[in-house]
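Undergrad: The structure is given below, and queries will be raised subsequently.
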Amino acid sequence: MNYIDGGVTAAKGFQAASTAAGIKYKGRKDMAMIYSQKPCRAAGTFTTNVVKAAPVKWDQQIVRDSACAQAVVINAGIANACTGEEGMGYCRDTAEVAAACLEIPADSVLVASTGVIGMQLPMDRLAAGVRTMVPMLDGSRESGLEASRAIMTTDTRNKEAAVQFQIGGKTVTIGGMCKGSGMIHPNMCTMLAFVTTDLAISRELLQEALSEDIRDTYNMISVDGDTSTNDTVLLLANGMAGNPEITEKNQDYELFCKALNYVNETLAKKMAGDGEGCTALFEAKVVGAESKAQAVTLSKSIITSSLTKAAIFGHDANWGRILCAMGYSGALFDPEKVDLYFESAAGKLQIIRDGVALDYSEEEATKILSQPEVTAIADVKMGNASATAWGCDLTFDYVKINADYRS
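Following this line, the structure appears as structure tokens:
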């Protein structure tokens, strides 16, 4: 695979645009659009929260029932969640405005919103934003980059990834963008992610590939333990690479899944590393587990522990908090067999062996934990399974950001 600089416009036939519609923010872009020159097969995964925003319900129906998808309209600032029939009407109105401007069916237009829950969208500004963006649609790198910036809320930086590979003698590209910084927790965490590809693949396999891959990517990150109302991942495939259509699980399908995993994992880690107020990406690897399920449970418990996250912020090798988090996870293991390591760009240091602290250097441990990316590796010595989860440290700024978010 060839890892390239790019986002949602990297794949052939995909265009993007963005604008400042004044939905909530002033002086910045807050709307984006993705458009494919040809109709796409669409796949999607959505929040597990019982409280689902109107755009989630709209997109679930489009992915399930529509013959194709060709455009996505995204706004930042207002989530269009807990807005009743009026909110659902705004989804329909947005799709109809975009459909009329693009001359495509309304049921091929997906919508996504992120921001404050409970506020109604200013439909006049939203419609004006759509009409402004359509003539600006462009397949350039810059258009994709600006679109990724326009969908940010409390994010401090935009998030993109892209990769190319060969199938059937044709170059296939997958590119994506996402936003997410707070209200992030596994089992569809709070985020919007949009992934585009020019691959030719059946609708069924496209959905299966996405559903399987989120288990090891987006569902393995957490910032604060809150699962959002708007979580959406959309994957669009327009077939413009010209490869023989993938209709069975062969080597071509496996290669696609590997490339999709790279894009999704990269985006997921960028969200975890940009958690609200954070100073470090915190990675937890559990190895030597007897099953994948056990490793997943343990690694998630480590990265969601508030005490562990606070220790990472303080660059404190407080390994007892990690062992404690593993202990209440619900997964069975022998704490007297656990080995624990801390690792970063500054080096790797074993902290405990067989559940007991070693005579390690606190100074060296602090140096390792002071890097912008820190990993804890826990070996439970029960088998060959492993899993990795991603989170971030817990800082004073997280509270500040969320104490006055609406204002």
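Residue numbers for the sequence shown follow numbering that gives the first Met the number 0, so the first one is 0 and each next one is one higher.
Using N, Cα and C, we set each Cβ at its ideal position, and we do this for glycine too.
As the structure is a computational prediction, the values presented were derived from the model and not from experiment.
Flag this pair as yes or no: are the beta carbons of leucine 191 and isoleucine 61 separated by less than 8 Å?
TA: Residue numbering aside, residue 191 sits at position 192 when the sequence shown is read from its first letter. Residue numbering aside, residue 61 sits at position 62 when the sequence shown is read from its first letter. Cβ atoms of leucine 191 and isoleucine 61: not closer than 8 Å.
Undergrad: Using the Cα positions of glycine 86 and alanine 375, report the straight-line distance between them to the nearest angstrom.
TA: Residue 86 sits at position 87 when you count from the first residue of the sequence shown. Residue 375 sits at position 376 when you count from the first residue of the sequence shown. Approximately 43 Å between the Cα atoms of the pair.
Undergrad: Enumerate in chain order the residues of its own chain whose CB-to-CB distance from alanine 42 is below 6 Å, with the five nearest sequence positions on each side excluded.
TA: Within the sequence shown, residue 42 is the residue found at index 43, counting from 1. Excluding sequence neighbours, alanine 42 sits near Leu205, Gln206, Leu209, Leu234.
Undergrad: Inspect the beta-carbon positions of leucine 254 and lysine 268 and report whether they are closer than 8 Å.
TA: Walking along the sequence shown from the start, residue 254 turns up at place 255. Walking along the sequence shown from the start, residue 268 turns up at place 269. Not a contact, by the Cβ cut-off of 8 Å.
Undergrad: Rounded to a whole number of angstroms, what is the C-alpha to C-alpha distance between phenylalanine 45 and aspartate 230?
TA: Locating residue 45 in the sequence shown gives position 46, counting from the first residue. Locating residue 230 in the sequence shown gives position 231, counting from the first residue. Taking the straight line from one Cα to the other gives about 5 Å.
Undergrad: Assuming glycine 174 and alanine 20 form a contact by the criterion Cβ under 8 Å, report the distance between their Cβ atoms to the nearest whole angstrom.
TA: Position 175 of the sequence shown, counting from 1, holds the residue named residue 174. Position 21 of the sequence shown, counting from 1, holds the residue named residue 20. Going by Cβ atoms, the distance from glycine 174 to alanine 20 rounds to 24 Å, so no, they are not a contact pair.
Undergrad: Say whether the segment 246-264 touches the segment 359-376, bearing in mind that this needs 3 or more beta-carbon pairs closer than 8 Å, one atom from each stretch.
TA: At 8 Å Cβ cutoff, the stretches do not touch.
Undergrad: Taking tyrosine 343 as the reference, give the member of Thr394, Glu282, Arg148 with the closest Cα.
TA: The residue you call residue 343 lines up with position 344 of the sequence shown. In the sequence as displayed, the identity of residue 343 is serine instead of tyrosine. Here the closest residue by C-alpha is Glu282.
Undergrad: For the alpha helix (DSSP H) that contains glutamate 85, what are its first and last residues?
TA: Locating residue 85 in the sequence shown gives position 86, counting from the first residue. Start and end: 83-101.
Undergrad: For cysteine 188, count neighbouring C-beta atoms within 10 Å of its own C-beta (all shown protein chains included) and say buried if the count is 16 or more, exposed if not.
TA: Taking the first residue of the sequence shown as position 1, residue 188 is located at position 189. Summary for cysteine 188: the model assigns pLDDT 40, below 50, so the residue's position carries little reliability, and this model does not support an answer.
Undergrad: By Cβ distance below 7 Å, which residues in the same chain neighbour valine 398 in space, the five residues on each side in sequence not counted?
TA: For the purposes of this step, residue 398 is identified with residue 399 of the sequence shown, where counting begins at 1. So no residue of the chain qualifies.
Undergrad: Indicate, with yes or no, if the ligand SAM has a heavy atom lying under 7 Å from the CB of glutamate 362.
TA: For the ligand SAM, the structure offers nothing, since it holds no ligand at all.
Undergrad: My assumption, with CB atoms under 8 Å, is that aspartate 396 sits in contact with valine 337. Please give the rounded CB distance.
TA: Residue mapping note: residue 396 aligns to position 397 of the sequence shown, counting from 1. Residue mapping note: residue 337 aligns to position 338 of the sequence shown, counting from 1. The pair is not a contact, with the Cβ atoms about 32 Å apart (cut-off 8 Å).
Undergrad: I'd like to know whether the C-beta atoms of glycine 436 and arginine 140 end up nearer to each other than 8 Å.
TA: The requested residue 436 is not part of the displayed model; the chain covers only 0 to 406.
Undergrad: Going by the beta-carbon positions, is the gap between methionine 118 and isoleucine 77 smaller than 8 Å?
TA: Within the sequence shown, numbered from 1, the residue matching residue 118 stands at position 119. Within the sequence shown, numbered from 1, the residue matching residue 77 stands at position 78. Their beta carbons are under 8 Å apart, which means methionine 118 touches isoleucine 77 by this criterion.
Undergrad: For tyrosine 34, which residues of its own chain have a beta-carbon under 6 Å away from its beta-carbon, when the five flanking residues on both sides are left out?
TA: Here residue 34 refers to the residue found at position 35 of the sequence shown. Excluding sequence neighbours, tyrosine 34 sits near Gln14, Ala70, Leu136.
Undergrad: Rounded to whole angstroms, how far is the Cβ of serine 328 from the Cβ of threonine 296, which I believe are closer than 8 Å?
TA: On the sequence shown, residue 328 is found 329 positions in, with the first residue counted as 1. On the sequence shown, residue 296 is found 297 positions in, with the first residue counted as 1. The Cβ separation is near 5 Å, so the contact holds.
Undergrad: When we look at the beta-carbon of tyrosine 261 and count the other beta-carbons within 10 Å, is it buried (16 or more) or exposed?
TA: For the purposes of this step, residue 261 is taken as residue 262 along the sequence shown, with counting starting at 1. It is buried - the Cβ of tyrosine 261 has at least 16 other Cβ atoms within 10 Å.
Undergrad: Quick one, are the C-beta atoms of valine 7 and phenylalanine 164 less than 8 Å apart?
TA: Taking the first residue of the sequence shown as position 1, residue 7 is located at position 8. Taking the first residue of the sequence shown as position 1, residue 164 is located at position 165. No; because the gap between Cβ atoms is not below 8 Å, this pair is not in contact.
Undergrad: Give the DSSP-derived three-state secondary structure of methionine 187 in the structure shown.
TA: Within the sequence shown, numbered from 1, the residue matching residue 187 stands at position 188. Note on methionine 187: pLDDT 41, under 50, position unreliable in the model; no value is reported.
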